[in-house]
Amino acid sequence: MRRLILFAFLLSCAGLARADYLNELQSAARSAGVAGQREWLDLGHWRPNALLPGYTSLADAHGFFLAPGGKTDPQAELDATLAAFFGPGEETPTWQHPQCRFIARYQWLKERLAFDPARLPEKHCARFEAWYAAIDPRQVTLIFPAAYLNNPSSSFGHTLLRVDNTQQSEATRLYSYAINFAAETDETNGVVFAAKGLFGGYPGLFSITPYYEKVKEYNDLENRDIWEYELAFTPAETRRLLEHAWELGQVNFDYYFLSENCSYQLVALMDVARPGRHLADRFPGWAIPSDTVRATLEEEGLLRRAHFRPSNATLIRHRVAGLTPPLARLARELAADPEGEPRTRTLALAPDQATAVAELAYDYLQYRRVDEDLPRDYVAPRALALLRLRSTLPAADAPVTPPAPAVRPDQGHGTARVALGAGARDGEGFTELRVRPAYHDLIDPQAGYAPGAQINFFDLAGRWYPDEDDFELRWFRFVDIVSLSPRDDFFQPLSWRITAAFENRAVAGDEVVFTVNGGAGGTWEWRPNVYGFAMLEADVLADDSLAKGYSFAAGPLLGVYANVGEDLNLLAGARARRYTELWTNETEVFAQAGFTLADHMALRLELSATHLEHTNLLDGSLSLHWYF
Amino acid sequence: MKKIAFSALALALSSGTAFAQQNNVGCGLGSMVFDGQSGIAPQVLAATTNGTSGNQTFGITSGTLGCTQDGTVSSTVKLSMFTGSNMDKLAADMSKGQGEALETLADLMGVESADKAAFFAATHDNFDKVFTSSNVTAEEVIANLNKVLAADAELSRYAA
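These protein sequences, in sequence, are chains A and B.
When the letters of the first sequence are read in order and numbered with my numbering, they come out as residues 2 to 629.
When the letters of the second sequence are read in order and numbered with my numbering, they come out as residues 373 to 532.
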């Protein structure tokens with residue numbers, strides 16, 4: 002009995018001691034203002050509220066917060082977290098102790114408040130340690146898949162992280178893990194997907210995948226080149242990044258395409274790894290992946306090395322460029338018929354030429370398999386025959402490597418643009434102001450961007466006519482996309498454009514109308530970087546000033562587009578439109594030239610002549626564009 | 373009017389999988405595998421419904437049963453999973469006797485740097501014996517490669 006009393010006494014003493022130490026830590030944290038510290042706020046993804054005082058976390062899973070009101074109360078969450086660290090229990094395969102579940106919080110608070118391990122015993126986190134050992138991190142690499150062929154909106158891109166392990170060489174980066182933040186959905190309807198995604202309709206989740214799966218997805222299936230930026234995080238920062246990724250692995254964030262997207266979350270994750278950068282603060286409204294890459298790499302010394310991983314389509318282009326046209330044609334024929342007569346002709350070539358033809362044929366067959374969705378029955382026997390043929394030729398000395406573009410995407414111009422200009426319309430002088438939050442048009446400095454791909458969002462232009470004391474909206478284009486993808490014997494993409502805008506139109510008597518218009522056709526590369534294109538366009542206009550309140554229009558567009566050297570871009574063309582409800586035709590010729598003056602500045606000359614019924618309307622302007 | 377504008381915007385955005393990536397393959401079936409709650413059933417489901425070899429010309433792999441609870445690949449299946457998931461690239465690399473996928477395979481098989489050239493040459497010279505048909509599976513490729521290595525005096529110690 003006495004022994005029992007003594008035991009109970011000791012137990013309660015231990016309990017009291019624990020409570021004492023918890024109180025001690027909680028008040029130490031309070032007096033040091035830990036809950037308001039940036040590192041703590043970043044760990045819980047709390048952001049200051051826009052209007053009211055206080056904070057709200059971007060994390061949406063209740064399991065991420067230990068305090069009932071943790072999502073909006075960093076202090077309560079800190080108290081609850083400290084209390085949970087004292088909790089009983091050992092890890093099981095299905096349950097983690099809070100010290101392990103929230104290992105980044107634990108490690109940070111342990112250091113910040115100098116935990117006494119005698120009074121707050123440290124738990125062993127077997128699951129985390131096994132996971133960490135499997136990833137075996139040496140360095141973190143920021144991965145940026147560039148635009149798809151013929152898909153300008155993908156130039157907004159995606160970013161993910163790769164964790165390179167200690168056992169790897171540069172030749173074996175395929176075998177590392179990728180940390181990816183993505184919307185979780187089975188939605189296959191692109192419009193529903195986009196619409197819901199804009200408003201946070203899907204949960205966003207972190208996941209981990211072998212990197213080779215991502216390479217397959219981007220390089221091979223989507224034909225996107227990949228840029229790999231090896232970052233110089235210290236070992237401690239890398240460990241913190243993974244500890245925090247571990248915490249986030251089970252947490253929902255609402256996924257917003259424009260703001261709280263993959264790139265934003267990766268920036269927030271890197272902010273936890275290297276406190277004090279606060280990069281996420283720079284993307285309060287929207288986070289364009291290439292902008293987040295640019296911002297990440299701004300810090301002196303953070304970029305260890307950049308590496309270009311070409312897509313299959315880029316590799317094919319490079320191979321074709323190295324062959325004479327008859328040999329390139331032979332490669333196409335061989336891809337379709339690798340055991341027939343093209344094989345005989347290939348084997349008659351010198352070994353290095355035969356090798357080049359056979360390798361191109363295989364890559365092209367794989368390209369066609371994906372692009373044309375060819376059945377396996379067609380592809381597999383041909384693929385095997387091509388590789389057997391290749392294996393009978395001498396082994397390769399060195400890989401065929403397309404050169405990396407001279408300018409990386411992160412070195413291109415900033416995606417926001419402001420322009421100031423002056424000009425004359427129909428003899429009337431004006432000054433002009435334009436504002437475009439994102440992203441790139443054909444006349445903008447080309448370096449670092451996909452050629453022939455334009456995507457503008459919310460492009461606004463207004464003019465001031467001092468003689469008439471008149472301010473006029475020229476256009477407000479919500480979206481304005483152009484894709485000029487050259488066709489050749491290997492690739493036959495469709496070129497297209499689409500615009501949705503409020504726009505000042507001559508046909509409406511220089512009134513602003515709402516319009517959705519687009520076109521489709523083909524582009525051909527006449528000489529390197531000189532394109533000719535032809536499209537059929539269709540147009541819908543709506544405004545009360547039109548006779549019926551609306552009109553349709555259709556007609557052809559012909560043009561040339563050229564990148565001359567590094568600094569000059571030219572676009573010129575002619576279009577005709579027949580307006581169905583207005584019983585009138587309109588023809589227009591236009592020429593635009595953009596000249597890069599400095600890294601973030603360009604000069605632009607625009608001329609157009611519109612012929613409508615019996616009048617000619619001349620419009621010309623010169624403007625200076627700043628990118629940031 | 374506003375509606376039209378928004379659907380145009382939505383259309384523009386949806387023409388790329390801009391930002392969002394819907395599919396996860398390999399070990400990570402998104403969060404499910406990463407998430408401690410998942411257990412084995414969703415992983416089996418992942419292996420059957422979202423297998424890694426659907427997008428390839430060659431071979432069907434045994435699936436992703438080697439995933440750990442937290443999304444990494446357990447060491448026993450590293451080699452077979454990599455092979456299964458990279459059959460097209462491995463086939464192309466072996467036919468040339470070099471390449472990134474082949475380098476990685478050599479590492480996973482524990483081939484030392486001094487022996488890599490011989491290993492690459494062996495895959496090139498014996499391509500027919502490794503990729504025996506267009507229906508060859510990852511398991512068969514590994515078994516065939518082991519036979520080739522076993523028959524090679526220099527490389528026999530790497531045969532499993």
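The C-beta atom is built at its ideal place from N, Cα and C for all residues, glycine as well.
CB contact below 8 Å: residue i versus chain A
{"i": "LEU480(B)", "result": "yes"}
{"i": "PHE503(B)", "result": "yes"}
{"i": "PHE454(B)", "result": "yes"}
{"i": "ALA493(B)", "result": "yes"}
{"i": "ALA463(B)", "result": "yes"}
{"i": "ASP524(B)", "result": "no"}
{"i": "VAL520(B)", "result": "no"}
{"i": "SER528(B)", "result": "no"}
{"i": "GLY513(B)", "result": "A quick correction: the sequence has Val, not Gly, at residue 513(B). So no, VAL513(B) is outside the interface."}
{"i": "VAL445(B)", "result": "yes"}
Contact list for residue i against chain A, beta-carbon separation under 7 Å
{"i": "ASP460(B)", "result": "GLN367"}
Neighbourhood of residue i by C-beta distance below 6 Å, restricted to the same chain and skipping five residues each side
{"i": "GLY471(B)", "result": "ASP465"}
{"i": "THR239(A)", "result": "PRO138, VAL141"}
{"i": "ARG578(A)", "result": "ALA554, GLY556, GLU587"}
{"i": "LEU67(A)", "result": "ALA81, THR82, ALA85"}
{"i": "LEU583(A)", "result": "SER552"}
{"i": "HIS308(A)", "result": "GLU229"}
{"i": "LEU1(A)", "result": "Nothing about residue 1(A) can be read from this structure; chain A reaches only from 2 to 629."}
Reference residue i; option with closest CA among the options
{"i": "LEU598(A)", "options": "VAL371(A), TYR628(A), ALA592(A)", "result": "TYR628(A)"}
{"i": "LYS197(A)", "options": "ASP255(A), PHE234(A), ALA237(A), PRO211(A)", "result": "ASP255(A)"}
{"i": "ALA521(A)", "options": "ARG310(A), ALA539(A), ASP511(A)", "result": "ALA539(A)"}
{"i": "THR82(A)", "options": "GLU92(A), THR210(A), HIS98(A), PRO467(A)", "result": "HIS98(A)"}
{"i": "GLY202(A)", "options": "TYR257(A), THR500(A), LEU604(A)", "result": "TYR257(A)"}
{"i": "LEU662(A)", "options": "GLY90(A), PHE129(A), GLU91(A), PHE86(A)", "result": "The question about residue 662(A) has no answer here: the residues shown for chain A are numbered 2 through 629."}
{"i": "ALA610(A)", "options": "PHE534(A), LEU604(A), LEU619(A)", "result": "LEU619(A)"}
{"i": "GLU248(A)", "options": "MET536(A), ASP221(A), ARG128(A), ASP353(A)", "result": "ARG128(A)"}
{"i": "ARG306(A)", "options": "ILE456(A), THR402(A), ASP489(A), GLU171(A)", "result": "GLU171(A)"}
{"i": "GLY34(A)", "options": "ARG333(A), PRO467(A), ALA77(A), ALA105(A)", "result": "ALA77(A)"}
{"i": "GLN412(A)", "options": "PRO446(A), ARG389(A), THR393(A)", "result": "PRO446(A)"}
{"i": "LEU280(A)", "options": "ARG48(A), VAL358(A), ARG435(A)", "result": "ARG48(A)"}
{"i": "ASP117(A)", "options": "TYR178(A), ARG19(A), THR516(A), PHE596(A)", "result": "ARG19(A)"}
Sequence-distant residues of the same chain with beta carbon closer than 8 Å to residue i, five excluded per side
{"i": "GLU433(A)", "result": "ALA420, LEU421, GLY422, ALA423, GLY424, ALA462, GLY463, ARG464, TRP465, ARG475, SER622, SER624"}
{"i": "LEU451(B)", "result": "LEU477, LEU480, MET481, ILE514"}
{"i": "TYR532(A)", "result": "GLY453, LEU485, PRO487, THR524, TRP525, GLU526, VAL561, TYR562, ALA563"}
{"i": "ASN617(A)", "result": "ALA610, THR611"}
Contacts that residue i makes with chain B (C-beta to C-beta distance below 8 Å)
{"i": "THR173(A)", "result": "GLU472, GLU475, THR476, ASP479"}
Nonlocal neighbours in the same chain, by C-beta distance under 7 Å from residue i, ignoring five residues either side
{"i": "LEU572(A)", "result": "LEU443, ILE444, GLY560, TYR562, GLN593"}
{"i": "GLN409(B)", "result": "For GLN409(B), the predicted structure reports a pLDDT of 27, less than 50, and the residue's modelled location is therefore unreliable. A value from the coordinates is still provided. Closer than 7 Å at Cβ, skipping near neighbours: no residue."}
{"i": "SER264(A)", "result": "THR160, ALA288, PRO290, THR293"}
{"i": "VAL408(A)", "result": "ALA448, GLY449"}
{"i": "ARG346(A)", "result": "LEU331"}
{"i": "ALA246(A)", "result": "ILE180, PHE207, LEU270"}
{"i": "ASN50(A)", "result": "TYR56, THR57"}
Any C-beta of chain B under 8 Å from that of residue i
{"i": "ARG437(A)", "result": "no"}
{"i": "TRP627(A)", "result": "no"}
{"i": "ALA381(A)", "result": "yes"}
{"i": "PRO376(A)", "result": "no"}
{"i": "ARG163(A)", "result": "no"}
{"i": "TYR450(A)", "result": "no"}
{"i": "TYR107(A)", "result": "no"}
{"i": "GLU301(A)", "result": "no"}
{"i": "LEU280(A)", "result": "no"}
{"i": "GLU360(A)", "result": "yes"}
{"i": "ALA396(A)", "result": "yes"}
{"i": "TYR363(A)", "result": "yes"}
{"i": "ALA384(A)", "result": "yes"}
Within chain B, partners of residue i - CB distance below 7 Å
{"i": "ARG241(A)", "result": "Near ARG241(A) there are no residues of chain B at all, since even the closest Cβ is about 18 Å away, more than 7 Å."}
{"i": "PRO400(A)", "result": "GLN470, GLY471"}
Chain A contact residues for residue i, given Cβ-Cβ distances below 9 Å
{"i": "ASP442(B)", "result": "ARG128, PHE129, ALA131, TRP132, ALA135, ILE209, TRP247, GLY250"}
Contact list for residue i against chain A, beta-carbon separation under 8 Å
{"i": "VAL449(B)", "result": "Under the 8 Å cutoff, chain A gives no residues; its nearest Cβ is about 11 Å from VAL449(B)."}
{"i": "ASP500(B)", "result": "ARG389, SER392"}
Next on the checklist: Suppose only complete runs of 4+ residues qualify. What are the alpha helix (DSSP H) ranges in the region 116-146 of chain A, listed by chain order?
Outcome noted: 127-136
Item to check | Whole runs of the beta strand (DSSP E) within the region 518-559 of chain A, excluding any shorter than 3 residues | outcome: Segments of the beta strand (DSSP E) lying fully in the region 518-559 of chain A: 531-543.
Checklist entry - Which runs of the alpha helix (DSSP H), 4 residues or longer, sit entirely within the region 289-354 of chain A? => result 290-299, 313-322, 326-337, 342-348
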